[in-house]
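A.B. asks: Take a look at the following structure, please.
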Amino acid sequence: MKRLLVMMFALTLLLAGCQSSEQESSNPDSNPTEPKQGSSILSLKEKYGTASEKAIMPMYNVAQDEEFTFKFKGDLSKIDFYSNDIISVHTDIKGLKASRVRSFIDYKDNIVSVRPMGWGVLSSDSMRTKGNSSWGGAPIYYIRLNYDPDAENPTLLDKPIIIPFTVKSELPVPKLKYEIDKDRRFKLVWDKVEGATGYKIYHRLDFRGNIFDNTNLPLPGAERAYDESTPLFITTTTETTFNDFMKDGRGGLGTHREITSHQNLGLKGEYYVTAIGNGKESNFSNGVATAPLAAQLPSATKEELYRNKLKNVSELPQKITVEYNDGSLARETLVYDTANVEISPYNETEIPFHVKGSALKSYVRVENVTQEDLDNLAQQRVADSSNGFVEPKNDTPYVPAPDVPTIINNDTPPATTVEENEENTDTSSNATTEATDGTSEEATDAATTSDSPSTPSNETAAPEPAAEENLIDEQKSNTEQQVEQGDQETVPEPATGDAFINADSALEEVLAKNIIAAQDSISLKAFPEAQNFTTLSDVVLKVMYQNPLILGVEGFEYNYGTLTLSIHYKESAADIQRKQNEIIAKGKEVVASIIKQGMSDDEKRKAIYDYLNDNAKYDDAALENAEQNNFKHVDAQFNDSFTTYGILVKGVGVCASYASVYKLLSDLSGLESIVVTGTSSGVPHAWNKVKIGNEWLHVDATNNLTNSGIPYFLYNANDETAVSQKTVADKDYWLDSELDQFKGDSDANDYYVQNDLEVDSISEYKSKAETHLKKGETSVILRFASPIDSDELMTAAGEALTAVNETLLDNAQLATLGSYVLLETKSEQN
């Protein structure tokens, strides 16, 4: 039998994303229409039914042994204190039971206080020397208040009050991030800290398992109060990046001569960074957990191909087994690097290769090699995966600097940081302790009496005045004042109107209207719940991704001291408004042309997808420019390709533009959809989810037939299918608390399932491919429900072609994209 002549090649996913940081020149003669002032923030809160919600602003730089005291109007004796959580402290903003920090809870009459117990959480050896009563080294803590302190009778809140606080640090705390480069190598990155002479790297591992195995298992992090393990110091650096996890100077690579058999070597667990200088050390940075990323990070090649000698080039393997950081295995595409190959006169030529999209490389020995073989091999080279999705830069410090006041008051001189409190003497035998599992145990009398040895007897008198001036009372009063002032502020009404605003809360609508109107300063006085890094980052990114008329955002930064969010734009307000108007006009024109009366929702969704396939192209030049700038920014002429304007108005763009336009056209057609961010094959990507019934299913409009060669790649696909194609959503596209709303389990609407184009086995593939070829189809595209062996696939495709007409082998091509397989034939006439 003839061999399938044209070797299998891999199609390339198009994955570049949005945003850049280059300034686009603006027209000085064009002036934007000033947005008129619209509703007050209070009226928006009333619109969403949240005007009466209670909140207390965050507190910053408190003492390690800070005690928080709450006074209640209601009679707490009516509550069973042992079976009801009135107050608790957590390391995760959701305030769930698993993230609870061990603490003393004291109560007397209608006053409840909470103070740390033991060494706290996430503490290093140096922190433990500071005393036996500290909160520890976690970057942020959250007090959860379950009962309304202002109610005349004890009243359980429908939604608990969450109050973030930070512990004062000796130096500013680094803001830790991670990067995955185009070779899928992982590194830690953090901002330079003023006054720091170096940085310490800490590592947290799971010591309950085998730390020497090759898998990377999840650790109990902030959501479980950093249970069971303590960060261990591993090294010091003066740099602001780190990837030398084996501390051998090789940057996580395992190399031997021309072979790189390992990468991300030693990467496991969770990492933290502290700043050091002048004998001082900061608190821990936010942690970077590697387990959630492990399935994206190649670790090692499993076959040693250089040990085998092949007869000729036609026997070269197309795939190699790669182990990932989580221990999983995958067949990865090989790219043969033929440019510098010299044919050996001794009948054994070494042909080098690298694993596509990685730093892994080796070589294969081949006996019979001709220059024609090398030329053909060079033509079959696989393009590197498109990298991308550069999200807006968030310059907000994860932890406020040590000089930020504990209580922020914009109307009076800033309060100074609260000094360390003296030991609270107003305790009683009613005190309880909270264990890490959330259970309550009765504390000993000795631990709670006013005659505690750590409290001098001459400082035990008159506790009541101190209670009246406690930190919580002061912050509660300040919050009420700030919110009252903030509620009176008005929100700009963008020239585009309310019809194009996507928001689910007053806060989201305030942000959306301001950013669409290109406002560069947004007060958050009215929203204490957003005055912390976690919530703020979530809500800003959600608003930006779900509002297609938000254009030209370069980045954002929250100022903890002024309660103000700054937005940085790449374009002038005039240019942004002009483009918004063009987008709206073009969007309405497109919908009028493709959406017909009487269409079902399914037909509308397909019409939008088909329009993008037929009328837009991927902007390879923009991708190349982003690659040249290491995906930190793009040059000004490519800005549009990363926004709604690119695909809709100019007809070219990258994945974020496709996803945003799909969202806009869906909105205009009365369809529910969202923009989703995440990774595809380990590379940052953006796509959509659409609501069908009660399910949210994936639609990747970028990787359509025009761009990828595969029609309806991930069209109405469920979560399982998306993951099988290594397309995994992250948590940045929506609020963490709302992610569970967007699950999709059913495959009934999947294009390949509906059209009987999915196969379960090699034999089924051969049978279906043969059936389609006999119908005269020159392009047969099927999808495997599970991973398949590339050599078996080549054989099956060749047998299917031979069964129809052996001459089809002469001009056939076989291509793969994930589990999608394209078998293409060309007749002599073509």
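The sequence shown maps to residues -22 to -1, 1 to 808 in mature numbering (1 follows the signal peptide of the UniProt record, and there is no 0).
C-beta: ideal position from N, C-alpha, C; glycine also.
Small disclaimer: the values here were computed from a predicted structure and weren't measured.
#1: May I ask you to report which of helix, strand or coil DSSP gives Gly776?
#2: Measure the Cβ-Cβ separation of Thr542 and Ser578 and say whether it is below 8 Å.
#3: Just curious, the beta strand (DSSP E) that Tyr38 is in, first and last residue?
#4: From the DSSP output, which residues share a beta bridge with Asn354?
#5: Whole angstroms are fine: how far does the CA of Tyr250 sit from the CA of Thr279?
#6: Given a cut-off of 8 Å, decide if Val266 and Leu352 are closer than it, judged by their beta-carbon atoms.
#7: May I ask you to verify whether the region 132 to 145 touches the region 199 to 207, counting CB pairs closer than 8 Å and requiring at least 3?
#8: What separation, rounded to the nearest whole angstrom, lies between the Cα atoms of Leu800 and Thr208?
#9: Under 8 Å between the Cβ atoms of Lys178 and Phe211?
#10: Within this structure, are the beta carbons of Asp678 and Trp665 separated by less than 8 Å?
#11: Three-state secondary structure (DSSP) at Asn318?
#12: Where does Val151 fall in DSSP's three states?
#13: Out of Ala508, Gln558, Val518, which has the shortest C-alpha to C-alpha gap to Gly475?
#14: Rounded to whole angstroms, what is the Cα-Cα separation between His240 and Asn537?
#15: Would you check if the distance between the CB atom of Ile329 and the CB atom of Val342 is smaller than 8 Å?
#16: Going by DSSP, what residue range makes up the alpha helix (DSSP H) through Glu487?
#17: Looking at Ile158 and the ligand PLP, is the gap between the Cβ and the nearest heavy atom below 7 Å?
#18: Quick check on Arg761: does DSSP put it in helix, strand or coil?
#19: DSSP state of Asn325, grouped into three classes?
#20: Inspect the CB distances between the region 739 to 750 and the region 718 to 726 and report whether three or more fall short of 8 Å.
#21: On a CA-only basis, which of Glu24, Ala116, Thr144 is nearest Asn510? Give me that one, please.
#22: Would Val151 and Val377 be called neighbours here (beta carbons separated by less than 8 Å)?
#23: Which residue comes first and which comes last in the beta strand (DSSP E) that contains Leu543?
#24: Is the separation between the beta-carbon of Asn682 and that of Asp725 shorter than 8 Å?
#25: Which same chain residues, not among the five before or five after Pro142, have their C-beta less than 6 Å away from its C-beta?
#26: Who are Trp674's beta bridge partners in DSSP?
#27: Give the straight-line distance between the Cα atoms of Gly16 and Glu487, rounded to the nearest whole angstrom.
#28: Give the C-beta separation of Asp304 and Thr193 to the nearest angstrom, bearing in mind that I take them to be a contact with Cβ-Cβ under 8 Å.
#29: When you compare the region 588 to 608 with the region 667 to 674, are there three or more beta-carbon pairs, one atom per stretch, that lie closer than 8 Å?
#30: Thinking just about the alpha-carbon of each residue, which of Asn318, Val344, Thr316 is nearest to the one in Asn325?
#31: Exposed or buried, what is Asn402 when buried is set at 16 or more other beta-carbons lying within 10 Å of its beta-carbon?
#32: For Ile494 and Phe534, I'd like the C-alpha separation in whole angstroms.
#33: Under three-state DSSP, which class holds Asp169?
#34: Do the region 221 to 232 and the region 68 to 84 touch if we need at least three Cβ pairs shorter than 8 Å?
#35: Let's test the definition: count the other Cβ atoms within 10 Å of the Cβ of Glu350 and tell me whether it reaches 16, buried, or not, exposed.
#36: In terms of residues, what are the limits of the beta strand (DSSP E) holding Lys86?
C.D. replies: Looking at the atomic coordinates:
#1: As a position in the sequence shown, residue 776 is number 798, starting the count at 1. Here Gly776 carries a helix assignment [DSSP, helix/strand/coil].
#2: In the sequence shown, counting from the first residue as 1, residue 542 sits at position 564. In the sequence shown, counting from the first residue as 1, residue 578 sits at position 600. Taking 8 Å as the cut-off, the Cβ atoms of Thr542 and Ser578 do not count as close.
#3: Taking the first residue of the sequence shown as 1, we reach residue 38 at position 60. In the DSSP assignment, Tyr38 falls within the beta strand (DSSP E) that extends over 37 to 40.
#4: Position 376 of the sequence shown, counting from 1, holds the residue named residue 354. According to DSSP, Asn354 bridges with nothing at all.
#5: Reading the sequence shown from its first residue, position 301 is the one you call residue 279. Reading the sequence shown from its first residue, position 272 is the one you call residue 250. Between Thr279 and Tyr250, the C-alpha separation is close to 29 Å.
#6: Translated into positions along the sequence shown, residue 352 becomes position 374. Translated into positions along the sequence shown, residue 266 becomes position 288. No, the Cβ-Cβ distance between Leu352 and Val266 is not below 8 Å.
#7: Three or more Cβ pairs closer than 8 Å define a contact, and the region 132 to 145 falls short of that threshold against the region 199 to 207.
#8: Numbered from 1 along the sequence shown, position 822 holds the residue referred to as residue 800. Numbered from 1 along the sequence shown, position 230 holds the residue referred to as residue 208. Taking the straight line from one Cα to the other gives about 51 Å.
#9: Start at 1 with the first residue of the sequence shown, and residue 178 comes out as number 200. Start at 1 with the first residue of the sequence shown, and residue 211 comes out as number 233. Contact: yes.
#10: Taking the sequence shown and counting its residues from 1, one reaches residue 678 at position 700. Taking the sequence shown and counting its residues from 1, one reaches residue 665 at position 687. Taking 8 Å as the cut-off, the beta carbon of Asp678 is found closer than this to the beta carbon of Trp665.
#11: To locate residue 318, count along the sequence shown from 1; it is residue 340. It is coil, neither helix nor strand.
#12: Along the sequence shown, read from residue 1 onward, the residue named residue 151 stands at position 173. Per DSSP, reduced to three states, the secondary structure at Val151 is coil, with no helix or strand assignment.
#13: What you label residue 475 is simply residue 497 of the sequence shown in a count that begins at 1. Among Ala508, Gln558, Val518, the Cα nearest to that of Gly475 belongs to Gln558.
#14: In the sequence shown, residue 240 corresponds to position 262, counting from 1. In the sequence shown, residue 537 corresponds to position 559, counting from 1. C-alpha separation (whole angstroms): 43 Å.
#15: Taking the sequence shown and counting its residues from 1, the one referred to as residue 329 is at position 351. Taking the sequence shown and counting its residues from 1, the one referred to as residue 342 is at position 364. In terms of Cβ geometry, Ile329 and Val342 form a close pair [threshold 8 Å].
#16: For this step, residue 487 is matched to residue 509 along the sequence shown. Annotation for Glu487: the continuous alpha helix (DSSP H) segment containing it runs 484 to 494.
#17: Of ligands this structure carries none, so the ligand PLP is not represented either.
#18: By one-based count along the sequence shown, residue 761 stands at place 783. The DSSP-derived three-state label of Arg761 is strand.
#19: Looking up residue 325 in the sequence shown gives position 347. In the structure shown, Asn325 sits in coil (DSSP, three-state: anything other than H, G, I, E or B).
#20: Output reads no: the region 718 to 726 does not touch the region 739 to 750.
#21: Residue 510 sits at position 532 when you count from the first residue of the sequence shown. Selected option, being the one with the closest Cα: Thr144.
#22: Residue numbering aside, residue 151 sits at position 173 when the sequence shown is read from its first letter. Residue numbering aside, residue 377 sits at position 399 when the sequence shown is read from its first letter. The criterion of a C-beta distance shorter than 8 Å is satisfied by Val151 and Val377.
#23: Residue 543 sits at position 565 when you count from the first residue of the sequence shown. From DSSP, the beta strand (DSSP E) with Leu543 extends over 542 to 547.
#24: Mapped onto the sequence shown, residue 682 falls at position 704. Mapped onto the sequence shown, residue 725 falls at position 747. No, the Cβ-Cβ distance between Asn682 and Asp725 is not below 8 Å.
#25: For the purposes of this step, residue 142 is identified with residue 164 of the sequence shown, where counting begins at 1. If we look at Pro142 and ignore the five residues flanking it on each side, its Cβ neighbours are Pro36, Ile118, Tyr120, Asn510.
#26: In the sequence shown, the residue the question calls residue 674 occupies position 696. Bridge partners of Trp674 according to DSSP: Lys669.
#27: Along the sequence shown, one-based indexing puts residue 16 at 38. Along the sequence shown, one-based indexing puts residue 487 at 509. For Gly16 and Glu487, the gap between their C-alpha atoms comes out near 12 Å.
#28: Stepping through the sequence shown from its first residue, residue 304 is reached at position 326. Stepping through the sequence shown from its first residue, residue 193 is reached at position 215. Going by Cβ atoms, the distance from Asp304 to Thr193 rounds to 6 Å, so yes, they are a contact pair.
#29: Taking 8 Å as the limit for Cβ pairs, the verdict is that the region 667 to 674 does not touch the region 588 to 608.
#30: Taking the first residue of the sequence shown as 1, we reach residue 325 at position 347. If we check each option's Cα against that of Asn325, Val344 comes out closest.
#31: To locate residue 402, count along the sequence shown from 1; it is residue 424. With a pLDDT of 37 at Asn402, under the threshold of 50, the modelled position of this residue cannot be trusted; read the value that follows with caution. The residue in question, Asn402, is buried, as its Cβ has 16 or more Cβ neighbours within 10 Å.
#32: Counting from one through the sequence shown, the residue named residue 494 turns up at place 516. Counting from one through the sequence shown, the residue named residue 534 turns up at place 556. So the two alpha carbons sit approximately 14 Å from each other.
#33: Translated into the one-based positions of the sequence shown, residue 169 becomes position 191. Three-state result, Asp169: coil.
#34: Cβ pair count under 8 Å is below three, so no.
#35: Reading the sequence shown from its first residue, position 372 is the one you call residue 350. The residue in question, Glu350, is exposed, as its Cβ has fewer than 16 Cβ neighbours within 10 Å.
#36: Sequence index remark: in the sequence shown, residue 86 carries index 108 (1-based). Residue range 81 to 86 is occupied by the beta strand (DSSP E) that includes Lys86.
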